[in-house]
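Q: In order, the protein sequences belong to chains E and L. By my numbering, the letter at position 25 of the first sequence is numbered 142, and the numbering carries on one by one without gaps. By my numbering, the letter at position 143 of the second sequence is numbered 148, and the numbering carries on one by one without gaps. Beta carbons are placed, not taken as given, at the ideal position from N, Cα and C, and that holds for glycine.
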Amino acid sequence: MKQCLVVDDSSVIRKVARRILEDLNFEISEAEDGQQALDACRTAMPDAILLDWNMPVMDGLEFLTSLRGEEGGEKPIVVFCTTENDVAHIARAIRAGANEYIMKPFDREIVEAKFQEVGLI
Amino acid sequence: MTPNEFENLKKFLKDRSGLVLSNDKQYLVESRLLPIARTAGMDNLSALVQGLQKPGNRQLQEDVVEAMTTNESFFFRDKTPFDHFKEIMMPHVLEARSSTRSVKIWCAAASTGQEPYSLSICLKEMGPKMAGWRTRIVGTDLSTEVLEKAKAGIYSQFEVQRGLPIQLLLKYFEQKGDMWQIDAGIRAMVELRKLNLLESFSHLGEFDIIFCRNVLIYFDQPTKSEILGRLAKAMPVDGFLVLGAAETVVGLTDAFKPVPGKRGLFQRKEAFAASTTGSAKTAAAGGSATTPARPLAAGLGTRA
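#1: With H, G and I counted as helix, E and B as strand and the rest as coil, what does DSSP make of Asp-243 (chain L)?
#2: Looking at the secondary structure, which residues open and close the alpha helix (DSSP H) in which Ile-137 (chain E) lies?
#3: Against chain L, with Cβ distances strictly below 8 Å, would Ile-130 (chain E) count as a contact?
#4: Alpha carbon to alpha carbon, how far is Arg-82 (chain L) from His-89 (chain L)? Give it in angstroms, no decimals.
#5: Taking only beta-carbon atoms, is Gly-168 (chain L) less than 8 Å away from chain E?
#6: Would you decide whether Ala-230 (chain E) is buried or exposed? Buried here means 16 or more other CB atoms lie within 10 Å of its CB.
#7: Alpha carbon to alpha carbon, how far is Gly-266 (chain L) from Leu-221 (chain L)?
#8: Under the assumption that Phe-212 (chain L) contacts Met-194 (chain L) (Cβ atoms under 8 Å), give the Cβ distance between them as a whole number of angstroms.
#9: Quick one: what does DSSP say Asp-188 (chain L) is sitting in, helix, strand or coil?
#10: Please compile the residues from chain E whose C-beta is within a distance smaller than 8 Å of the C-beta of Leu-175 (chain L).
#11: Is the number of C-beta pairs between the stretch 156-169 of chain L and the stretch 133-143 of chain L that are closer than 8 Å three or more?
#12: Let me make sure I understand the geometry here. Which of E:Val-204, E:Ile-145, E:Pro-222 has the alpha-carbon closest to that of Gln-180 (chain L)?
#13: Counting Cβ pairs closer than 8 Å, one from the stretch 173-192 of chain L and one from the stretch 103-116 of chain L, do we hit at least three?
#14: Which residues does DSSP list as the beta-bridge partners of Leu-122 (chain E)?
#15: Quick one: using the 10 Å Cβ neighbour count with 16 as the cut-off for buried, is Gly-23 (chain L) buried or exposed?
#16: Confirm, please, whether the CB-CB distance from Asn-216 (chain E) to Gln-162 (chain L) is below 8 Å.
#17: May I ask you to list the residues that DSSP assigns as paired with Val-195 (chain E)?
#18: Where do the ends of the alpha helix (DSSP H) carrying Gln-64 (chain L) lie?
#19: Can you tell me the Cα-Cα spacing of Arg-185 (chain E) and Arg-159 (chain E), whole angstroms?
#20: Tell me, which residues are paired with Cys-112 (chain L) by DSSP?
#21: What is the rounded straight-line gap between the Cα of Arg-308 (chain L) and the Cα of Ala-250 (chain L)?
#22: According to DSSP, simplified to helix, strand and coil, what is Arg-209 (chain E)?
#23: Straight-line CA distance for Gln-172 (chain L) to Ile-211 (chain E)?
#24: Please state whether DSSP places Gly-283 (chain L) in a helix, a strand or coil.
#25: Using the three-state DSSP reduction, which class does Arg-167 (chain L) fall into: helix, strand or coil?
#26: So what does DSSP say about Met-220 (chain E), is it helix, strand or coil?
#27: Is there a C-beta anywhere in chain L that falls below 8 Å from the one on Ile-166 (chain E)?
#28: Counting contacts by CB-CB distance shorter than 8 Å, is Ile-191 (chain L) in contact with chain E?
#29: In chain L, which residues lie with their C-beta within 8 Å of the C-beta of Ile-194 (chain E)?
#30: By alpha-carbon positions, which one of L:Trp-111, L:Ile-232, L:Ser-104 ends up nearest to Gly-244 (chain L)?
#31: Val-54 (chain L) lies in the alpha helix (DSSP H); which residues open and close that run?
#32: Where does Leu-124 (chain L) sit, in a helix, a strand or coil, going by DSSP?
#33: Could you check which residue in L:Arg-192, L:Ile-191, L:Leu-209, L:Gly-190 has the C-alpha nearest to that of Lys-199 (chain L)?
#34: Under 7 Å Cβ-Cβ, which residues of chain L neighbour Glu-226 (chain E)?
#35: Name the chain E residues whose beta carbon is nearer than 7 Å to that of Gln-162 (chain L)?
#36: Between the Cα of Asn-142 (chain E) and those of E:Ile-130, E:Asp-224, E:Met-118, spot the shortest distance and give me the residue it belongs to.
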């Protein structure tokens, strides 16, 4: 079973994402901000990370930049999932090492399509 | 709507568009036709069906046909046909048409444009390999409404997130408020025209590749056979036909045979018969034109 870390400061979003991803056979762990996510990754690198952008303590982009610098940090497939839906944000995320990008609001089909796109399912 | 009215609607749709409406499509009928009834100032579907019978109600008749024959569409829908396009069909065309340097593609159910535009993007992404090639992509649909949307090339955030990789969104789309418009260069590659598959399409010319996915399902068996027969005449011997993943030609026509192991991909039977020099070899090889996989090709020859 593949591991997916869901990083979002909204418990509602984490719950929705968990439900969708569990149906897609992922084992889910959660983090409320970038720092928590980084700590989790240092303990065990997940296969996939669903990542919000705007979060307290450490935002998604800062987390991603740090992650890609960590040992083994190039391994997880990172899918941004954020309300930031302009070209500039998307381009920044891709340059920082994101593999895919979901613009909120999202639904089951979009998550499935994007995870398929990056070969996770 | 009474059973009698439902029968009248079925007959109307069959006559006008070839669409065969099964009795379990009541929900579909309601969800698609109620808005039209309301727009036309009618209270319910009974009034709508009665209205269809009146002579001179052309606009209403067209609206009903359009609403019932429109499909939802995604970019790179089902993925596999586009892999086949890049890995089998185009390598074959690049080799077989290297003297004329011309490729002609037809999307016979273009709907809101995602399929022809996905193919244009594929061709663009092939880069230098396509240099000096003339490409013609024709997209046709029965519905003028969806073709208008296709021509505008403007899609919602939801539509651009199903099947379209983010890199391609950045590369080929421009953000317009909440919507995304596909690049003018990609739009210019596609010629969009209204066409009813029940009518002759010989005026469109010949195509190397025809995508006709998930549209034959709406027709009855004899109509399917008849259309498949005409599709075979609209392509050279080594042309390709792409049907939906759940569609088949078995029992419908002898004109096409499935390319073994390539779901939804078909060639004319003559391509298989030409076991020594035929194009089906390259096609069935599944690899690039420069490295044809011999064993598969040989297998094809013996099957034919």
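A: In brief:
#1: Here residue 243 (chain L) corresponds to residue number 238 of the second sequence, with the count starting at 1. Looking at Asp-243 (chain L) - three-state DSSP - the assignment turns out to be coil, as it is neither helix nor strand.
#2: For the purposes of this step, residue 137 (chain E) is taken as residue 20 along the first sequence, with counting starting at 1. Element bounds for Ile-137 (chain E): 128-140.
#3: Sequence index remark: in the first sequence, residue 130 (chain E) carries index 13 (1-based). False, the Cβ-Cβ gap to chain L never drops below 8 Å.
#4: By 1-based counting over the second sequence, the position of residue 89 (chain L) is 84. By 1-based counting over the second sequence, the position of residue 82 (chain L) is 77. Separation of His-89 (chain L) and Arg-82 (chain L) (C-alpha to C-alpha, rounded to the nearest whole angstrom) is 13 Å.
#5: Stepping through the second sequence from its first residue, residue 168 (chain L) is reached at position 163. So, interface residue.
#6: Translated into the one-based positions of the first sequence, residue 230 (chain E) becomes position 113. Buried.
#7: What you label residue 266 (chain L) is simply residue 261 of the second sequence in a count that begins at 1. What you label residue 221 (chain L) is simply residue 216 of the second sequence in a count that begins at 1. Straight-line Cα distance between these residues: approximately 22 Å.
#8: Along the second sequence, read from residue 1 onward, the residue named residue 212 (chain L) stands at position 207. Along the second sequence, read from residue 1 onward, the residue named residue 194 (chain L) stands at position 189. That belief does not hold up - the Cβ atoms of Phe-212 (chain L) and Met-194 (chain L) are roughly 15 Å apart, past 8 Å.
#9: Counted from its first residue, the second sequence places residue 188 (chain L) at position 183. Reduced to three states, the DSSP call for Asp-188 (chain L) is coil.
#10: As a working mapping, residue 175 (chain L) is identified with position 170 in the second sequence. Neighbours of Leu-175 (chain L) on chain E, chain order: Val-204, Ile-207, Ala-208, Ile-211.
#11: no
#12: Taking the first residue of the second sequence as 1, we reach residue 180 (chain L) at position 175. Of the candidates E:Val-204, E:Ile-145, E:Pro-222, the one whose C-alpha sits nearest the C-alpha of Gln-180 (chain L) is E:Val-204.
#13: Between the stretch 173-192 of chain L and the stretch 103-116 of chain L, the count of C-beta pairs closer than 8 Å stays below three; the two stretches do not touch.
#14: As a first step, residue 122 (chain E) must be located in the first sequence, where it is residue number 5. For Leu-122 (chain E), which the question treats as bridged, DSSP gives the partners E:Ser-146, E:Ile-166.
#15: In the second sequence, residue 23 (chain L) corresponds to position 18, counting from 1. The residue in question, Gly-23 (chain L), is buried, as its Cβ has 16 or more Cβ neighbours within 10 Å.
#16: For the purposes of this step, residue 162 (chain L) is taken as the residue at position 157 of the second sequence. For the purposes of this step, residue 216 (chain E) is taken as the residue at position 99 of the first sequence. For Gln-162 (chain L) and Asn-216 (chain E), no; Cβs fall outside 8 Å.
#17: Here residue 195 (chain E) corresponds to residue number 78 of the first sequence, with the count starting at 1. Per DSSP, E:Ile-166.
#18: The count along the second sequence starts at 1 and reaches residue 64 (chain L) at position 59. Its alpha helix (DSSP H) spans residues 63-74.
#19: For the purposes of this step, residue 185 (chain E) is taken as residue 68 along the first sequence, with counting starting at 1. For the purposes of this step, residue 159 (chain E) is taken as residue 42 along the first sequence, with counting starting at 1. Distance from the CA of Arg-185 (chain E) to the CA of Arg-159 (chain E), rounded to the nearest whole angstrom, comes to 12 Å.
#20: If you number the second sequence from 1, residue 112 (chain L) lands on position 107. Answer is L:Gly-144, L:Phe-216.
#21: The residue labelled residue 308 (chain L) in the question sits at position 303 within the second sequence. The residue labelled residue 250 (chain L) in the question sits at position 245 within the second sequence. Interpretation of Arg-308 (chain L) is limited by its pLDDT of 36, a score under 50 that renders its predicted location unreliable; no figure is taken from the coordinates.
#22: In the first sequence, the residue the question calls residue 209 (chain E) occupies position 92. In the structure shown, Arg-209 (chain E) sits in a helix (DSSP, three-state: H, G or I).
#23: By one-based count along the second sequence, residue 172 (chain L) stands at place 167. By one-based count along the first sequence, residue 211 (chain E) stands at place 94. Rounded to whole angstroms, Gln-172 (chain L) to Ile-211 (chain E) spans 8 Å at the Cα level.
#24: Here residue 283 (chain L) refers to the residue found at position 278 when the second sequence is read from its first residue. Only weak support exists for where Gly-283 (chain L) lies, its pLDDT of 45 falling under 50; the value from the coordinates is given anyway. Coil, per DSSP.
#25: In the second sequence, residue 167 (chain L) corresponds to position 162, counting from 1. Coil.
#26: On the first sequence, position 103 is the one that residue 220 (chain E) refers to. Strand.
#27: Translated into the one-based positions of the first sequence, residue 166 (chain E) becomes position 49. Not closer than 8 Å to any Cβ of chain L, the Cβ of Ile-166 (chain E) fails to qualify, so no.
#28: Residue numbering aside, residue 191 (chain L) sits at position 186 when the second sequence is read from its first letter. Not an interface residue.
#29: Position 77 of the first sequence holds residue 194 (chain E). Chain L residues near Ile-194 (chain E): none, gap ~13 Å exceeds 8 Å.
#30: Numbered from its first residue, the second sequence carries residue 244 (chain L) at position 239. Measuring from the Cα of Gly-244 (chain L), the nearest candidate turns out to be L:Trp-111.
#31: Here the question's residue 54 (chain L) lines up with position 49 in the second sequence. 50-58 is the extent of the alpha helix (DSSP H) around Val-54 (chain L).
#32: On the second sequence, position 119 is the one that residue 124 (chain L) refers to. If DSSP states are grouped into helix, strand and coil, Leu-124 (chain L) belongs with the helices.
#33: Position 194 of the second sequence, counted from the first residue, corresponds to residue 199 (chain L). Out of L:Arg-192, L:Ile-191, L:Leu-209, L:Gly-190, L:Leu-209 has the C-alpha closest to the C-alpha of Lys-199 (chain L).
#34: Here residue 226 (chain E) refers to the residue found at position 109 when the first sequence is read from its first residue. Within 7 Å Cβ-Cβ: Arg-167.
#35: Taking the second sequence and counting its residues from 1, the one referred to as residue 162 (chain L) is at position 157. Neighbours of Gln-162 (chain L) on chain E, chain order: Asn-202, Met-220.
#36: Start at 1 with the first residue of the first sequence, and residue 142 (chain E) comes out as number 25. Among E:Ile-130, E:Asp-224, E:Met-118, the Cα nearest to that of Asn-142 (chain E) is on E:Met-118.
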